[in-house]
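Each residue of the sequence shown is one higher than the one before, counting from 1 in UniProt numbering.
The C-beta atom is built at its ideal place from N, Cα and C for all residues, glycine as well.
Small disclaimer: the values here were computed from a predicted structure and weren't measured.
Below is one structure, written out as structure tokens; the observations come after it.
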Amino acid sequence: RNENQQEQREEDEEDEEEGQERSIQVQRYRARLSPGDVFVIPAGHPIVVSASSNLYLVGFGINAENNQRNFLAGEEDNVISQIHRSVKELAFPGSTQQVDRLLKNQKQSYFANARPQQREEESPRKRDPISSILEAF
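Given below as structure tokens:
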């Protein structure tokens, strides 16, 4: 009986430790931003920005020594293009071709246009590499 109690305590402690580890992995922040506001994201931390309307962001990174940037979009630099086709089929909705087309739709990894369809309809001219960020202003 004592052995069973000891085993149960150890299992409970392991479950508690696992729960604590999971609970500190993601944090959610909410803020009202005004023109000119600045916020800093620690190096290596992923970020998602969700806004109701009229939000334009300019982002930049500072790398030191052997730090390496990993981009999720762009024709050449995106890390998702390195994922095997069968994994993409399972991980993303739609076909692998649709995922690749979406991620490679933008040539540069550094700038993202929040409303690409609207901009293309308004101005069908050929865009230079940083036009998407310039059009946002």
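Residues of the same chain with a CB within less than 8 Å of the CB of R85, apart from the 5 flanking positions on each side, are T96 in chain order. Close CB contacts of I41 within its chain, under the 6 Å cut and outside five residues either way in sequence, are with I47 (chain order). Counting other Cβ atoms within 10 Å of its Cβ, V99 reaches 16 or more and is therefore classed as buried. Separation of P93 and G36 (C-alpha to C-alpha, rounded to the nearest whole angstrom) is 37 Å. If you look at A91, you'll find it in the alpha helix (DSSP H) that goes 85–91. Closest in alpha carbon position to Q27, among H45, S53, Q82, V79, is H45.
Under DSSP, N78 forms a beta bridge with F71.
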